[in-house]
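These notes concern the structure reproduced below.
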Amino acid sequence: MPGRLLKMTTNGVEGADHVVNGKQSLPGAVQPANESSIPGLGKRASDNALVNGDSHLPGLGAYPTPNGVSPSSPAKTALPDSMYDLPEEVVHITTGVHSLGALIQRVSAQCFNELEATVDQLARLPLQIPSPMANGAGGIHQTPTLSGKDEERNKQKKGLILKFASDFRAKFIKLLVLTDWAKRDQKDVSKLIDLKNWLVVQDDAALQAGNWFYNIIKDLRSFKLANPDLETALAVLSKGDVPWLPHLDFREQKALSPESTLKVLRQMNAIINLRLVLHEELIPQLRDYRVANGRATFTFPQEFELDVYVASEDPEQPWYFLDVRFLFEPAPQMKGERLRAVVDSRMNMALAENGLKGACELAHDFVLTHKINILRKQAQELQRGIWASSLNVDMIRRTLVVQYWTESPQPKSWIEIGIATGKDKSRRRKADNAISSQVKTRWIRNGKEQKDVEVPIDLANLSLERLLSAYIARHSSHLLESVQEGLETQALNLAHGEERLLKIDLTTSETEPADCVLRARIGGHPTTALQIDGITGRLYFSPAGIATPKAQEALERAKDPATEAPATLLRYLTYDIQLRLERLIDNLGWEAMRHLKITRDDISRRTKREALRFGLYQPRSFKGSHWYIMFTINLCGESWWVLEFDPSSPSNANADVACSRLKVPGTGDLLAPLSVQTLKKLEQSAISASSYIAANRDLTARGVSTAIRHVPIDLSKTPLASSFKSSTAEKTLPTLMIRFSQLLRSTRQGFANDLLQLQYLSFDTDLGQVRLVAKGRMRDPAKVQDVLQKTKDSNVAFSPDGSFSMLLSAKVGVSVVPTIVARLNTLNTLCHFAKILRRSGFECKTISFSKVCFRFAQDQEITLVFAGTEEDPRIKLEIARDNPHRRVAPLLEEIVNDPEMGFERFVLALDYFHPVLRAFQRLEQKHALDYPAAPIIHPRQVDFYRLLYPNPNNPKEPYVIFDLSFKRNKDDLEWRIAEFSNQNAKLEREKVFPNIEAKLSEFMKRVGTGWTGMRSMIIAPHKGGIEEAILELDRCVWDAMGRGTISHSRDGKGIGQDVITID
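Here is the structure:
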């Protein structure tokens, strides 16, 4: 509240002039005797007398009296109210004024809130008051006895009540005082405050007016003009000269021409060169200088270039400073004339006192100190940035100390950057006066100074972050090298002679901590990198996995990572392998066989190596079998196995079951990266191994010699190369070698070499079967090559070099040997057929394990279809309708299925009997419209046929019957045609055809092309004119029968409905 602090006394207000009843009066104002007439004043004495000690205003001529009453003045003087009203210039103050009612309301609310809080506190202090005694003993006015704890609580509760009452009693007393004061004096005090504020404003305005006048006077000084010098002006205007002004007789300097300037510069260069060579003793650092353009420039590498010049040939004259250029970044900027003047003064002083060396020492010391300060500022900026909690910066005199990795549990490490004298105390130098001070660093790693490690500092481009990174990179490299040595030692101790699969690769750097990486992996699993955070110094694994948090926690607790980190890294690698395997196997859908009663000791005994962890799984392809895929993990990595285990058998029954280690697909000593594709390939490898084991077991039982070899493959030259999709990445294939002569014991076993290869191909997921390929080589491929190359069977293929391949299929773990034996027998038969066809000159169109199709007699084709079962194979013939041999197809099937030379006889029959069958076909075509008189052919055997001309009136008694038989005559084969008609038939036909006997007798005596009549028969060679003989015989019979009349019925039953006359 503005105003003046007043102290009320019985005589008025101390410190106030002209005060009436505690109020300051205006000069010249009249104070009435009765105060009650003044607005805003409280009630005074009832007799309207002045208070004791009060005085009257001086203007009224009053004087103090003991009782405050003046005898010479009237008892009561009335003044108008306007005398006490303030003028309009006095502004009423309302800022900061608060209502008294608001204050009372707030105090009341505070009292209520405190009362509720006090009641809550009292409720939290309960008392245990004992109940009245039985039979009313003790009386109702007897004070209950409290325990010690309850007594203390009783005192606390009383104290809370008294404190609340005391505090708010004081506050309400203050409110009472303020309320009483407001009733009496609040209006007068408000006016007093307004008046005080007006006086302060007026006083400030008077002060500002004086300052304003002073500023005007000061500003007008520059506008004052001197009185004009009319005399001098008149002399200049009239005479052009002022005689009374002194003449200095200065010569005007002529402007230098370029030639003169060059001459002067050359002279200055000569003077400087003579001075430096003859009169100056230059220290080693000053010997790197150049003279040009009238100046000598001295260069301090990575520091500065100093330009000086000399103005006289006198060697006693000092050098003068011209310029200085700094050769490092960030360089100080000398901006402003004032700073330039200071530098010129200091450098010229140094040149005058100590010559060139003094000036260079001054600049050299300034540069070194400035570099230290720049590094200190950079360190502070880093400390305020991302290095906030990992960096500690201290400046000890002119030495900068930077501690890094402050939060690491390792011993402290720091670097010191300071100015070293550079003097060698061990020997004396010739130039003791040389400037040898320089910026040097010192490295303390884990509390030990590293004297043998020097990190170059780039003084031309200052960067504390780069320097700090270089030291941290060396620290990280040293730490990772120690971890690598520990890993090597533990790997040798834990390998126990097994193949070492732990691969360690250390990458170090001298400049970048992030490039310092220790990479480790076991087998083909992903690489785990151990790195050190360059800012915090914490070791961490990357990439992060499920097992990372526990390993990371162990690393952060390690006080000596060099000794503790190797064991942690090895545990992390082995545990990570298990987690990765289980996760990938779950994604692949293999079923975990945790319910099988197989222990780790059983696994170790079967695999003959220690198994720290193992897992037993059954893929979908193994369903229904007793074969499983298993992995074992030790400190040297994981191993994969295919295992045969029958849970229903006793434990001793599985002692000798198969257990074979699987080779994980990969290149060289490193395993392929672990992935779903790798596990799928591993599953294929397990299927292959189970098939080989089952086949080898079966072959051993048959007494067949076998062996497993890895055979190089060339898919471009391999039959069925399109089927090798799963093996295209492999250069070799595991192959089961089989002794062919021991496997196929038959009369025709010599068609192939004595080595048969069985290779795994793939697994057919649709059929749930294993696909394998059996490969061999023909002994004499030239005899059957042209025929077998036409094979169109998808399960067999022949190559030009005589090799053959057969596709096989079987269930997982089931032997494929029976299928191989059956296929080889079929292939043996095919080779036998091919040889015969080639020898016979027949053209083989297609050949496969299911059928053989060949062409003979130019345009005739026959297909042999292999039917039946593998135990009882049968061959069926497929003959086209227009093929003459269709007539004797059943007879030919009997011949071709003969196990003893059946196919040879079949081929000979096709060759020998084709003319006869073709003649029969032509006869049928000729008499196609002559039914029912057309001739009828009855094949009794493939080499015996009966040709008859029916009698429509008596079908049982044909008119003419001829028998055609294939006979051997000494060394020749010939066809014989003889009449077989009985006497009754001859008599019957004579009635119908009178000239038929004569015609037949005449024909049997004829000699035709390739045939000869022998009176009773016709004889024709097997490759002669049998076909022509049959056709001529038919013409003879038909002509003879054509001279009679045939009476027949259409229904063939002798009812003469239609009569046909043949002339």
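Be aware that the sequence shown starts at 1, since it is given in UniProt numbering, and climbs by one per residue. Backbone N, C-alpha and C fix where the C-beta goes; we use that ideal spot for every residue, glycine too.
- Arg609 carries a coil assignment under DSSP once its states are collapsed to helix, strand and coil.
- For Lys440, the uninterrupted beta strand (DSSP E) run begins and ends at 438 to 445, by DSSP.
- Taking all protein chains shown into account, Asp452 has fewer than 16 neighbouring C-beta atoms within 10 Å of its C-beta and is therefore exposed.
- Secondary structure at Asp314: coil, using DSSP grouped into helix, strand and coil.
- In this structure, the beta-carbon distance from Leu837 to Arg823 does not fall below 8 Å.
- About 6 Å separates the Cβ atoms of Leu964 and Trp975, confirming a contact at the 8 Å cut-off.
- Residue environment for Leu356: buried (at least 16 other C-beta atoms within 10 angstroms of its C-beta).
- Judged by DSSP in its simplified three-state form, Arg275 adopts helix.
- Look at Ile193 here: in three-state DSSP terms it is helix.
- In this structure, the beta-carbon distance from Phe980 to Ile996 does not fall below 8 Å.
- The secondary-structure analysis by DSSP pairs Leu616 across a beta bridge with Met630.
- With contacts defined as CB atoms closer than 8 Å, Leu864 and Arg887 fail to qualify as a contacting pair.
- Going by C-alpha positions, Val992 is about 11 Å away from Ala985.
- Following the DSSP letters along the chain, one finds His832 inside the alpha helix (DSSP H) bounded by residues 817 to 840.
- Beta-carbon to beta-carbon, Thr511 and Glu407 are separated by about 24 Å, too far to satisfy the 8 Å threshold.
- The three-state secondary structure of Trp590, taken from DSSP, is coil.
- Going by beta carbons, Ile693 and Ser660 fall inside the 8 Å limit.
- The continuous alpha helix (DSSP H) containing Cys360 extends over residues 337 to 384.
- Under DSSP, Leu207 shares a beta bridge with no residue.
- Nearest to Val439 by alpha-carbon distance, out of Gln208, Ala460, Ile417, is Ile417.
- Check the Cα spacing between Asn433 and each of Ser476, Cys360, Leu391: the tightest is with Cys360.
- Scanning Pro561, Asp698, Ile161 for the CA closest to the CA of Gln742 turns up Asp698.
- For Ala292, the enclosing beta strand (DSSP E) stretches over residues 289 to 292.
- With a cut-off of 8 Å on Cβ pairs, the segment 332 to 339 is not in contact with the segment 382 to 391, counting fewer than three such pairs.
- With 16 or more neighbouring CB atoms inside 10 Å of its own CB, Gln618 falls in the buried class.
- In the same chain as Arg521, and ignoring 5 residues on each side of it, the C-beta atoms closer than 6 Å to its own belong to Lys503, Thr527, in chain order.
- Three or more beta-carbon pairs drawn from the segment 1013 to 1023 and the segment 996 to 1005 are found closer than 8 Å, and the two stretches are therefore classed as touching.
- DSSP lists no bridge partner for Ser741.
- For the pair His364 and Ile457, the CB atoms are not nearer than the 8 Å cut-off.
- For Lys371, the number of other beta carbons within 10 angstroms of its own is at least 16, and it is reported as buried.
- In this structure, DSSP gives Val812 a state outside helix and strand, which the three-state scheme calls coil.
- C-alpha of Asn348 to C-alpha of Arg338: approximately 15 Å in a straight line.
- In this chain, the alpha helix (DSSP H) harbouring Phe112 covers 100 to 123.
- Every unbroken stretch of the beta strand (DSSP E) spanning 3 or more residues and falling wholly within the segment 978 to 1025 is given here in chain order: 1011 to 1013, 1017 to 1021.
- If you look at Asn696, you'll find it in the alpha helix (DSSP H) that goes 676 to 702.
- Val97 is positioned such that its CB atom lies no closer than 8 Å to that of Trp198.
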